[in-house]
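Below is one structure; the comments refer to it alone.
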Amino acid sequence: MLSLNQSPSKLKWFVILFASLIGLASLYYTNELVDSLADREQEQIDLVAKAQELVVQVEDSLMLNFLVTSILQGNQSIPMIIADGEGNPSESRNIKFKKNATEEEKDNILREYLTSMKAARSPIEVKVSEEWKYYIYYENSTLLTQLKYFPYAQLSLIAVFLIFAYFLFSSSRRAEQNRVWVGLAKETAHQLGTPLSALMAWVEYFRADQSVEEEILQEIEKDIARLTMITGRFSSIGSIPDLNSENVLEVVEGVTEYLKKRISTKVKLTIRASKNAKLYALINKPLFEWVIENICKNAVDAMTETGGKGSITLFFSSDRSQKQLILDITDTGKGIPQSQIKTVFRPGFTTKKRGWGLGLTLARRIVEQYHNGKISVLKSEVGKGTTFRIILATSE
Ligand SMILES: Nc1ncnc2c1ncn2[C@@H]1O[C@H](COP(=O)(O)OP(=O)(O)OP(=O)(O)O)[C@@H](O)[C@H]1O
Ligand SMILES: [Mg+2]
């Protein structure tokens, strides 16, 4: 199978891998940092506890108070509450209260904090004497907490950046591809124009001559007409095509008449329409004919493997509101495996030896971008057949 975008996809995986490595490295580094900071905070708390045990041996109560407050104030970052054995808070540090909070409100907040601190880790016991013990409750400093979440924030940012970059990259690549193939189509149409008009002039020249059989001239004229039609398609796809309200069934009939003469007689082509089906839609005739031709040719190809016998049915109907023209093209070919149903419209996807994998890409582009319609595989069963569905807005 041919794939037109092999190397960019490799690059994509490389970028993703590289970004993940950066992410993991940053996660690892920050984790190390968090661990060492947590150790230091633990040491600081231990130190506070030890100092308090020593301090209470000081006799002078004024002095004691002074020392306790200084030790507590030495801690600038770790939220800490000192409470007795029954969980009544007496002192706190680095806990934020509302402005103008009353003593009662402060006490309530402290108790709430105590409960959550208690749940997170056991407090440090400070044993002053056998009867007099108190407890230091604490939690991670805000710095430590922030640092813990930092790598995740960082990773999310990298991810957002990558997604953004990817979309930017792929859409600019798509725009470039579009320009190339639209330009190519236009140029081809332009180049074909001159020899075509020359050929038409030659036919007229030979007709005047009388020595050339009329039948041969008519055959040449048919080929010229076909070439003109192809040129018309190429030039329509290279510019914004005109849309006209047409009877789509009649347009499709024109295509099938043309195809019938060229495909095996073992393939039966039928057009049907449901009662009251709306048949008019705004279409560009040469381009829409191209779509039908591509789909029917695929259907014929799908039958060659099974002996080339089968039928293609083109069925017209409308939705209930009559706003949509629905065309279902059903064949009795080999079917599309479930795993390929989504891939058949991809440029370059083909299962044929001499296929380009462009027929359905073109069909989708014509239906969806130039006609604002929809094309999809309605259903397909391996060994039984496939139905493609085209939906257009009705115009009358
Ligand atoms: N009616 C169908 N039944 C079974 N398989 C189909 C049918 N239509 C399309 N496919 C599958 O989808 C693939 C892509 O179709 P597409 O028309 O885009 O390219 P292609 O026919 O292979 O080449 P080309 O560019 O010449 O049209 C086909 O190769 C075939 O495997
Ligand atoms: Mg095809």
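According to this note's numbering, the sequence shown is numbered sequentially starting from 1422. The beta carbon of each residue, even a glycine, is placed where N, CA and C say it ideally should be.
Residue i versus residue j: straight-line alpha-carbon distance, rounded
i, j, result
"S1424", "V1581", "Unreliable positioning characterises S1424 in this predicted model, as indicated by a pLDDT of 45, which lies under 50. A coordinate reading is not provided."
"S1742", "S1660", "32 angstroms"
"Q1427", "L1576", "Because Q1427 sits at a pLDDT of 49, beneath the cut-off of 50, its placement in the model cannot be relied upon, and the point is left open."
"I1692", "F1736", "6 angstroms"
"A1419", "K1696", "In the structure as shown, the chain begins at 1422 and stops at 1817. Residue 1419 is therefore absent and cannot be evaluated."
"L1458", "T1563", "12 angstroms"
"A1586", "F1571", "22 angstroms"
"V1549", "D1505", "12 angstroms"
"M1422", "G1769", "Confidence is the limiting factor: at M1422 the pLDDT is only 43, short of 50, which leaves the residue's position unreliable, though a coordinate-based value still follows. Each residue's alpha carbon lies about 8 angstroms from the other."
"V1803", "V1669", "30 angstroms"
"V1673", "L1703", "14 angstroms"
"S1592", "Q1612", "30 angstroms"
"P1616", "L1605", "18 angstroms"
"T1652", "M1621", "14 angstroms"
"I1684", "T1764", "27 angstroms"
"V1455", "E1464", "14 angstroms"
"N1665", "K1699", "16 angstroms"
"L1648", "V1712", "17 angstroms"
"Q1567", "W1434", "31 angstroms"
"A1784", "Y1449", "51 angstroms"
"S1513", "A1446", "38 angstroms"
"Q1759", "K1681", "30 angstroms"
"G1495", "L1432", "54 angstroms"
"S1632", "I1641", "15 angstroms"
"R1667", "K1744", "Reading off the sequence, residue 1667 comes out as Glu, not Arg. Cα to Cα, E1667 sits roughly 15 angstroms from K1744."
"N1452", "G1806", "58 angstroms"
"V1676", "F1590", "40 angstroms"
"K1607", "R1654", "10 angstroms"
"M1650", "Q1761", "32 angstroms"
"K1730", "M1724", "6 angstroms"
"S1797", "S1656", "25 angstroms"
"W1553", "K1527", "25 angstroms"
"E1525", "E1551", "31 angstroms"
"K1569", "L1442", "19 angstroms"
"E1474", "T1490", "14 angstroms"
"V1688", "K1795", "27 angstroms"
"Y1626", "E1671", "34 angstroms"
"T1727", "A1646", "33 angstroms"
"R1595", "L1779", "15 angstroms"
"V1603", "P1662", "12 angstroms"
Assigned exposure category for residue i - 16 Cβ within 10 Å defines buried
i, result
"T1686", "exposed"
"T1523", "exposed"
"R1600", "exposed"
"Q1598", "exposed"
"Y1820", "Absent from the structure is residue 1820, since the part of the chain shown begins at 1422 and ends at 1817."
"F1385", "Because the chain here runs from 1422 to 1817, residue 1385 falls outside it and cannot be looked at."
"F1766", "buried"
"I1757", "buried"
"E1546", "exposed"
"R1786", "buried"
"T1536", "exposed"
"I1437", "exposed"
"F1809", "buried"
"L1813", "buried"
"S1801", "buried"
Whether residue i touches residue j by CB criterion (8 angstroms)
i, j, result
"N1515", "S1543", "no"
"L1748", "S1739", "no"
"E1817", "Y1701", "yes"
"A1472", "I1557", "no"
"Y1559", "I1466", "yes"
"L1638", "N1715", "no"
"I1584", "G1444", "no"
"E1462", "N1529", "no"
"R1532", "P1500", "no"
"I1503", "M1538", "no"
Closer than 7 angstroms: residue i CB and nearest ligand 3 heavy atom
i, result
"K1755", "Looking at this structure, you won't find ligand 3 anywhere; what it does contain is ligand 1 and ligand 2."
Query raised in the report: For the stretch 1732 to 1793, which segments carrying the alpha helix (DSSP H) assignment without a break, of at least 4 residues, lie completely within its bounds, in sequence order?
Result: 1780 to 1785
Query raised in the report: Three or more C-beta pairs closer than 8 angstroms, one from the stretch 1708 to 1723 and one from the stretch 1783 to 1791: is that the case here?
Result: Flag = yes, the stretch 1708 to 1723 and the stretch 1783 to 1791 touch.
Query raised in the report: Using 8 angstroms as the threshold, is the stretch 1747 to 1763 in touch with the stretch 1711 to 1721, meaning 3 or more CB pairs across them?
Result: Contact holds between the stretch 1747 to 1763 and the stretch 1711 to 1721, because three or more Cβ pairs, one in each stretch, are under 8 angstroms apart.
Query raised in the report: Given 8 angstroms as the limit, is there contact between the stretch 1770 to 1780 and the stretch 1723 to 1740, that is, 3 or more CB pairs closer than that?
Result: no
Query raised in the report: Which whole runs of the alpha helix (DSSP H) in the stretch 1687 to 1735 are 4 residues long or more, in chain order?
Result: 1706 to 1725
Query raised in the report: For the stretch 1498 to 1545, which segments carrying the alpha helix (DSSP H) assignment without a break, of at least 4 residues, lie completely within its bounds, in sequence order?
Result: 1524 to 1541
Query raised in the report: Which residue spans inside the stretch 1586 to 1668 form an unbroken alpha helix (DSSP H) run of at least 4?
Result: 1635 to 1658
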